[in-house]
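*Asks:*
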Amino acid sequence: MPKLRSEFLRVLTERGFVHQCTDAEGLDARAADGTITAYVGYDCTADSLHVGHLLSIMMLRWLQQTGHRPIVLMGGGTTKVGDPSGRDETRQLLSEAQIDANMASIKASFERFLTFGSGPTDAIMVNNADWLDSLAYIPFLRDFGRHFSVNRMLSFDSVKLRLEREHALSFLEFNYMILQAYDFLELARRHDCVLQMGGSDQWGNIVNGVDLARRIDQRELFGLTCPLITMSSGAKMGKTAQGAVWLNGDRLSPYDYWQYWRNTEDADVGRFLKLFADLPLDEIARLERLEGAEINEAKKILATAATALLHGRAAADAAAQTARETFEHGQAGTDLPTIEMARAELEQGPAAFALFCRSGLTASNGEARRLIKGGGARINDAPVSDEARSLSTDDINAEGYIKLSAGKKRHALVRIV
RNA sequence: GGAGGGGUGCCCGAGUGGUUAAAGGGGACGGGCUGUAAACCCGUUGGCUUAGCCUACGUUGGUUCGAAUCCAACCCCCUCCA
10 MPKLRSEFLR
20 VLTERGFVHQ
30 CTDAEGLDAR
40 AADGTITAYV
50 GYDCTADSLH
60 VGHLLSIMML
70 RWLQQTGHRP
80 IVLMGGGTTK
90 VGDPSGRDET
100 RQLLSEAQID
110 ANMASIKASF
120 ERFLTFGSGP
130 TDAIMVNNAD
140 WLDSLAYIPF
150 LRDFGRHFSV
160 NRMLSFDSVK
170 LRLEREHALS
180 FLEFNYMILQ
190 AYDFLELARR
200 HDCVLQMGGS
210 DQWGNIVNGV
220 DLARRIDQRE
230 LFGLTCPLIT
240 MSSGAKMGKT
250 AQGAVWLNGD
260 RLSPYDYWQY
270 WRNTEDADVG
280 RFLKLFADLP
290 LDEIARLERL
300 EGAEINEAKK
310 ILATAATALL
320 HGRAAADAAA
330 QTARETFEHG
340 QAGTDLPTIE
350 MARAELEQGP
360 AAFALFCRSG
370 LTASNGEARR
380 LIKGGGARIN
390 DAPVSDEARS
400 LSTDDINAEG
410 YIKLSAGKKR
420 HALVRIV
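Each number in our numbering comes from the position in the first sequence (counting from 1) with 9 added on.
(1) Would you list the one or two residues that DSSP bridges to residue 395?
(2) Is it true that the CB of residue 137 sits closer than 8 Å to the CB of residue 84?
(3) Taking 8 Å as the cut-off, decide whether the C-beta atoms of residue 394 and residue 255 are in contact.
(4) Could you tell me which residues DSSP pairs with residue 82 in its beta bridges?
(5) Can you find at least 3 beta carbon pairs, one from the segment 355-367 and one from the segment 397-404, that sit closer than 8 Å?
(6) Applying the criterion that 16 or more other CB atoms from any shown protein chain within 10 Å of the CB defines a buried residue, is residue 12 buried or exposed?
(7) From residue 319 to residue 237, what does the alpha carbon distance come to, in whole angstroms?
(8) Pair every Cβ in the segment 168-182 with every Cβ in the segment 50-68, then say whether three or more of these pairs are closer than 8 Å.
(9) Are the CB atoms of residue 353 and residue 342 nearer to each other than 8 Å?
(10) With a Cβ-Cβ cutoff of 8 Å, do residue 278 and residue 315 count as a contact?
(11) Let me know if residue 148 comes out buried or exposed under the rule of 16 or more other beta-carbons within 10 Å of its beta-carbon.
(12) Under the assumption that residue 186 contacts residue 165 (Cβ atoms under 8 Å), give the Cβ distance between them as a whole number of angstroms.
(13) Can you tell me whether residue 347 is buried or exposed, with buried defined as 16 or more other CB within 10 angstroms of its CB?
(14) Going along the chain, which residues of its own chain have a beta-carbon closer than 6 Å to the beta-carbon of residue 192, five neighbours each way excluded?
(15) I'd like the list of long-range same chain contacts for residue 15, defined as Cβ closer than 7 Å, with 5 residues on each side in sequence excluded.
(16) Hey, residue 413 and residue 368: beta-carbon distance below 8 Å or not?
(17) Out of curiosity, what's the CA-to-CA distance linking residue 208 and residue 305?
(18) Compute the beta-carbon to beta-carbon distance between residue 233 and residue 206, rounded to the nearest angstrom, for a pair I have assumed lies under 8 Å.
(19) Distance check for residue 29 and residue 22, CA to CA, integer angstroms please.
(20) Starting from the Cα of residue 129, find the closest Cα among 78, 156, 117, 53 and give me that residue.
(21) Closest by CA to residue 81, which one among 371, 302, 118?
(22) Assuming residue 404 contacts residue 381 under a Cβ cut-off of 8 Å, what Cβ separation, rounded to an integer in Å, is found between them?
(23) Buried or exposed for residue 201, going by 16 or more other Cβ atoms inside 10 Å?
(24) So, are the CB atoms of residue 264 and residue 345 less than 8 Å apart?
(25) Quick check: the Cα distance between residue 401 and residue 338, rounded to an integer number of angstroms?
(26) Here's a check: name, in chain order, each residue in its chain whose Cβ is nearer than 8 Å to the Cβ of residue 111, leaving out the five neighbours to either side.
Next comes the structure, spelled out in structure tokens:
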């Protein structure tokens, strides 16, 4: 590829965001010659996005940072259909009320990454239910359905995999790619959007939109996908002890989010810094060269930078501070999850395992008992050896709380009130 | 609508009347080694008031001293036919 003229594509390429592009030269020319508008779509299948969505959010962020206009498309309409990509099973059909609630809950995540408004490069948010809900079946089929070849649709991974594995694929889901293609056309017409971005699993859907716009409007659109990010060990990103790595703070606290990045594997640090932090590339190059235990410094910088992008600088610093106190000084930082217990209850000698469960460190009393048996449970940093161990006011430490630990990394505080 | 195959724990998957809370693998968690890393070794992996009890093999009933395993009906998935 010849040297890139546009800052936008240059930044994305240098940082490792680009997997495939329908026409890199053409897109580069458009982005170099003026302001372009690009979008990424997000379905409302849960009440929070997770780290898997982060890559595309960062692409929108860099788009805006390099002088272009991002559109966040909320899939209020497409969520009613359900994307079969990457799924063995039909998605559970969500009610409109659930979809609306999810959408409202997801929206907040974008506000830290993008600047919304009405200026030329301000981000806007749209909902595809606005045009999909009112489509009339027969006119839609005649105007747009005739441009889709079933032969070709069957060859797309999202469909092919289901068929090969002999799993159910409903006609409802089969329509998803058509609707996504139509979204792109609609955004091109309404907002002069010329580029759709997304994960590599969206390539087929994106290309469909590009093709549709060329056939119907003789409009030239572009598609750009980012790679599927896996950890060096081969595992997919985004799992912690508590489950998915959610972006909403009420699903996963800023402290736990910080911890997620802090525990990045050595081999991934450089790559993740480029993708998920907004540090200058020469700074990242310096951090990447750190070896052995020194690379932990890079991990802390990654964690703080990534957390700051999502939750703000103050929350990131607080998480870093708590981590320092907890791991480097053996104290308990204030950001640790905390539960409260009445003094009267403590005086009755509650079982330790029950408290581990109540604090959220374990999912059940049985799991807490097993943790104790396995030697992974500690109270005020002292290992718990007796499964029947109960707590008393003697366990309150100098600061007025009881510190519970499950393993070396997960801690919780019991504050006595 | 017809014929055949199938639905097992977080996932995959063995199990065709009792010793089955259910082999094996993956994942996850804990311990060891480390650097809050990876790799490797060990352990754990339904719930509870834990020497016991309860709930569980698509659903509901039935046979039996005893069922994930046998029978019936129903629901769902796949393949082929119409």
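Using N, Cα and C, we set each Cβ at its ideal position, and we do this for glycine too.
*Replies:* Let me spell this out:
(1) BP columns for residue 395 are empty, so no partner.
(2) yes
(3) Between residue 394 and residue 255, the CB-CB gap reaches or exceeds 8 Å.
(4) 50, 135
(5) yes
(6) exposed
(7) Here the C-alpha atom of residue 319 lies approximately 21 Å from the C-alpha atom of residue 237.
(8) no
(9) no
(10) Going by C-beta atoms, residue 278 is not nearer than 8 Å to residue 315.
(11) exposed
(12) 7 Å
(13) Using a 10 angstroms sphere on the CB of residue 347, the tally of other CB atoms stays under 16, which defines it as exposed.
(14) Only residues of its own chain outside the window of five on either side were considered, and among them 137 have a CB closer than 6 Å to the CB of residue 192, listed in chain order.
(15) Here the set comprises 37, 40, 41.
(16) yes
(17) Roughly 29 Å between the two C-alpha positions.
(18) 5 Å
(19) 11 Å
(20) The candidate whose alpha carbon is nearest that of residue 129 is 78.
(21) 118
(22) So it is not a contact: roughly 15 Å between Cβ atoms.
(23) Burial call: exposed.
(24) Yes, these two residues count as a Cβ contact at 8 Å.
(25) 26 Å
(26) 53, 54, 55, 56, 88, 103
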